[in-house]
Amino acid sequence: MPLYHTEDQAMLADTARQFMADEGNIAKQLRHYRDINCKDGFGHGLWKQFAELGFTGILVAEADGGLGMGHVEAGIVLEEVGRNLTPSPFLTSSVMAATALGQASDELKGRYLPGLLAGDSVFAVAIDEGPKHRPERIACRAERAGNGFRLSGAKSFVVQGGSADMLVVAARTAGSDEDDAGITLFAVPKDAAGLSLENARLVDSSQAAHVKLDGVQLDADAVIGEVDGGRDVLNRVIRAGRVGAAAESVGVAQGSFDMTTTYLKQRKQFGKLIGEFQALQHRAAHLYSELEIARATVIKAQQLLDTGSEKADLMVSVAKAKAGKAAGLAVKEGVQMHGGIGMTDEYDIGLYMKRDRALAEFMGDLYYHADRVAKLSGY
Amino acid sequence: MSDLDAFRAEIRAWLEENCPAEMREPARDEDDVCWGGRNFKFKNEAQKLWMERCAAKGYTVPEWPKPYGGAGLDPAQAKVWREEMNRIGARPPLSSFGIWMLGPALLKFGTEEQKVHYLNQIARGEIRWCQGYSEPGSGSDLVSLQTFGEDKGDHWVVNGSKIWTSYANKADWIFCLVRTDKANKYQGISFLLFDMTSPGVSTKPILLISGNSPFCETFFDNVTVPKHQIVGELNRGWDVAKYLLGHEREMISGAGGNDRLNTIGAFAKRNGLEDPILRAELAMFDVDALAFTAMGEKFLDEIKVGKAHPAQPNMMKYAGTEINKRRHELLMAAGGSAALEWESESSNGGSKARNWLRTKANSIEGGTSEVMLNVISKRILDLPGA
């Protein structure tokens, strides 16, 4: 399979690009919801529009009412989300939670998918239990109780947790904290007794929640997949999240890069356009190179995931690491090359820097994934 | 089964049958490479057999049309060929500047007669080519070259000298940039082909820091070149030269290389990897190397269907050579003092240290990294005054 978009995918990209530039742009979405201090951090109207375009069902099977597409297509939407810094629950709901629900019972699908497809529901995924992404360690417990399970523990930095109608929670039903086996995934409704959330607004104005599960009682039918055998589904969810975040990072990098090269062609100092200075040209050209390479890793990882290749896991980590590295460079060079105005809130380039920082951390940073690449390569 | 799956099965079976076991190991150094040519000494029977079997099927140049010695594969089939070669770790059956550089230029600019004649020779490994581009006074500023061809009616008489001519002392023919109009800088250069055994051609190997001499000085003293040995139009050789440079930069970038060579952490661990900081450096490198492998694949997919930016080979050359230099720096660090061995049996004649030093030329030859960044700024980013 060649590493470029098919005609259908290119058409989807055109649609997504136009839509996000018109409706999801920084002034209409990010700044608006930030400045009114919105507790959700995004607009439900835009989420409905995502649904009308079919975006919310990209990764939902056709048999379940979705479009039955893959990670390449989800990534196309996420790149535009990144380019426009569009706040939306797309990554947590339509990519990660949808991947989990794809493995769920028909009953759970029937309960949650229609709301997702219609853009009425928002979902979050609660995996990590500390400030760093460490899905290998899960201490949150689910014990058999009555007809189902009782969940106890805490989850940290659950993105969109506060606005979510349902949380996919990874809990331990057997073994000790570091065990690979013994994990079970649960669909926990927001109004479940014993569930409490404390919202935190992050540096990029996104909302994450600290979740407490204090004896949350669930029926057995809240289980997604197999009891004790949830690691496999969890890994699918995580890979979807990682490659999705990488695609969004590429969009952030591209948006920042485009702003910066435009500025290099407009700003004059010493009687010259600053883009005439070789000191800046070479840095811009290096950044271009890094960005192109990051883009290649992301489409490669998406295709490997979509074809179910055993090499997908390694390439997803390469993509998350490389996209984060390239985007980090793009926003840092962006702010520096903009000079003083790059430090102002009025100018958008700083917003790219903030979003990059949050995305870099989400689903594992460069260091986590470089370590994973080493382990998967046998050292 | 799709046509492509059937083709994959066919290739896989053919490789299984025809690729000798000795050719399924990566080449350790340039001595292991099959360069072909009149005077080439095959390292072993397997190398000879492998080249001949591939040449008979057109697989030394799988994408070239059949009348020119290729197998006429389309981009998708050629990708399958590369993947199946990589799958078994097969070495390229034949490597040459004819395949990588002159061939593509002839396919675009050559006459039908030139294509049939020269391309078939290249495909069968009969003629080894070298490249006459740089001159002592014309390195990065290549277009200032002074080697001159005087018009003598039915031939030119060429005088001047070239430098950094890779393997000039082993090559049979040269493709050479020659000034044919002193009044015009860009439109005064012609692209000539001639036999290195022509009277008046001499070469002198240059000893490099690696202790090897892959590059030569090449001198032309009243060399006669018949008029039909020009590629493209008179004085328009710069167009051919630039086109060929794109292919040279693609070649140096290492795009499409075997991905087994791209992760070095596991390789380094064989000697023990006790330093956590070095392990971290290797891991960060392997991220970049694996990422560049994906880039190479994407670049080849795109360039073959015209989706890549025409100047993209410059980006590939820049990124690929910087990666390769970093790879060898880390291999030296991981190897410790053993990597310093210069003359010893256990070190295969100092191959680690010599390969490390050889890579320092990667970001110089075929256009320096700095020139590549200039070209990206100008042609891709459209930055002002670049």
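Heads up: the sequence lines are chains A and B, in that order.
In this text, residue positions in the first sequence follow our numbering: the first is 1, and each later residue adds one.
In this text, residue positions in the second sequence follow our numbering: the first is 1001, and each later residue adds one.
Note that CB positions come from ideal geometry on N, CA and C, so glycine has one too.
A quick note: this is a predicted structure, and the numbers were derived from the prediction, not measured.
Give me the DSSP bridge partner(s) of residue i.
{"i": "Asp1195/B", "result": "Trp1173/B"}
{"i": "Ala327/A", "result": "None, per the DSSP bridge assignment."}
{"i": "Pro1226/B", "result": "His1155/B"}
{"i": "Trp1129/B", "result": "Trp1173/B"}
{"i": "Ala208/A", "result": "Val159/A and Ala200/A"}
{"i": "Lys272/A", "result": "Gln269/A"}
{"i": "Val168/A", "result": "Val125/A and Ala187/A"}
{"i": "Gln217/A", "result": "Arg150/A"}
{"i": "Glu1112/B", "result": "Answer is none; Glu1112/B lacks a bridge partner."}
{"i": "Gly1149/B", "result": "Val1158/B"}
{"i": "Phe1215/B", "result": "Ser1166/B and Ile1206/B"}
{"i": "Leu195/A", "result": "Leu213/A"}
{"i": "Gly229/A", "result": "Ile183/A"}
{"i": "Arg1179/B", "result": "Phe1148/B and Ile1189/B"}
{"i": "Phe1220/B", "result": "Gly1160/B and Val1201/B"}
{"i": "Val250/A", "result": "The partner list for Val250/A (beta bridge, DSSP) is empty, contrary to what the question assumes."}
{"i": "Glu107/A", "result": "Answer is none; Glu107/A lacks a bridge partner."}
{"i": "Val1231/B", "result": "Phe1191/B"}
{"i": "Ile1099/B", "result": "Answer is none; Ile1099/B lacks a bridge partner."}
{"i": "Ile58/A", "result": "Its beta-bridge partners do not exist; DSSP assigns none."}
{"i": "Glu1135/B", "result": "Ser1138/B"}
{"i": "Val335/A", "result": "Its beta-bridge partners do not exist; DSSP assigns none."}
Under a Cβ-count criterion, where at least 16 other Cβ atoms within 10 Å of its own Cβ denotes burial, should residue i be classed as buried or exposed?
{"i": "Glu129/A", "result": "buried"}
{"i": "Pro1199/B", "result": "exposed"}
{"i": "Trp1342/B", "result": "exposed"}
{"i": "Asp64/A", "result": "buried"}
{"i": "Asn1172/B", "result": "The sequence shown places Asp at residue 1172/B, rather than the Asn named in the question. Asp1172/B should be labelled buried."}
{"i": "Pro1136/B", "result": "exposed"}
{"i": "Gly1153/B", "result": "exposed"}
{"i": "His133/A", "result": "buried"}
{"i": "Gly82/A", "result": "buried"}
{"i": "Leu280/A", "result": "buried"}
{"i": "Ala56/A", "result": "The identity of residue 56/A in the sequence shown is Thr, whereas the question assumes Ala. Burial call: buried."}
{"i": "Leu1207/B", "result": "exposed"}
{"i": "Ser1213/B", "result": "exposed"}
{"i": "Ile299/A", "result": "buried"}
{"i": "Glu1250/B", "result": "buried"}
{"i": "Gly1306/B", "result": "exposed"}
{"i": "His1228/B", "result": "exposed"}
{"i": "Val1231/B", "result": "buried"}
{"i": "Ala124/A", "result": "buried"}
I believe residue i touches residue j by the beta-carbon criterion, under 8 Å. Please report the beta-carbon distance rounded to the nearest angstrom.
{"i": "Met363/A", "j": "Ala284/A", "result": "Wrong, their Cβ atoms sit about 29 Å apart, outside the cutoff."}
{"i": "Leu30/A", "j": "Pro87/A", "result": "6 Å"}
{"i": "Val168/A", "j": "Leu113/A", "result": "Not confirmed; about 13 Å, so no contact."}
{"i": "Gly1103/B", "j": "Val1061/B", "result": "7 Å"}
{"i": "Pro1384/B", "j": "Glu276/A", "result": "5 Å"}
{"i": "Asp228/A", "j": "Gly182/A", "result": "5 Å"}
{"i": "Ser152/A", "j": "Leu213/A", "result": "6 Å"}
{"i": "Val72/A", "j": "Gln9/A", "result": "6 Å"}
Could you spell out where the alpha helix (DSSP H) holding residue i opens and where it closes?
{"i": "Pro1205/B", "result": "Element bounds for Pro1205/B: not the alpha helix (DSSP H) but the beta strand (DSSP E), Val1201 to Ile1206."}
{"i": "Pro1075/B", "result": "Pro1075 to Arg1087"}
{"i": "Val72/A", "result": "His71 to Asn84"}
{"i": "Trp1238/B", "result": "Gly1237 to Ser1253"}
{"i": "Gln302/A", "result": "Gln278 to Asp306"}
{"i": "Val1143/B", "result": "Looking at the DSSP string, Val1143/B is not in any alpha helix (DSSP H), and its letter there is neither H nor E."}
{"i": "Arg17/A", "result": "Glu7 to Glu23"}
{"i": "Asn1120/B", "result": "Asn1120 to Ala1123"}
{"i": "Asn1324/B", "result": "Gln1312 to Gly1335"}
{"i": "Asn1374/B", "result": "Ser1369 to Val1375"}
{"i": "Ile973/B", "result": "Outside the shown range of chain B, which is 1001 to 1386, sits residue 973/B, and nothing can be said about it."}
{"i": "Arg355/A", "result": "Ile349 to Glu361"}
Is the closest heavy atom of the ligand NAD to the C-beta of residue i under 6 Å?
{"i": "His282/A", "result": "Annotation note on the ligand NAD: not contained in the displayed structure, which lists no ligands."}
Determine the extent of the beta strand (DSSP E) in which residue i is found, giving its start and end residues.
{"i": "Ala142/A", "result": "Arg141 to Ala145"}
Given a limit of 7 Å on CB to CB distance, which residues of the stretch 256 to 278 of chain A reach chain B?
Thr261, Leu264, Lys265, Leu273, Gly275 and Glu276
Using a Cβ cut-off of 9 Å, which residues of the stretch 290 to 305 of chain A contact any Cβ in chain B, in chain order?
Glu290, Glu292, Ile293, Ala294, Arg295, Ala296, Thr297, Val298, Ile299, Lys300 and Ala301
Interfacial residues, the stretch 1327 to 1345 of chain B to chain A, with Cβ spacing under 8 Å:
none
Along the stretch 1290 to 1319 of chain B, where does the CB come closer than 7 Å to a CB of chain A? Name the residues.
Leu1290, Ala1291, Phe1292, Ala1294, Met1295, Glu1297, Lys1298, Asp1301, Glu1302, Lys1307, Met1315, Tyr1318 and Ala1319
Residues of the stretch 2 to 18 of chain A with a CB closer than 9 Å to any CB of chain B: list them in chain order, please.
Pro2, Leu3 and Tyr4
Just by C-beta distance, which residues in the stretch 1268 to 1284 of chain B are closer than 8 Å to chain A?
Ala1268, Lys1269, Leu1273, Arg1279, Ala1280, Leu1282, Ala1283 and Met1284
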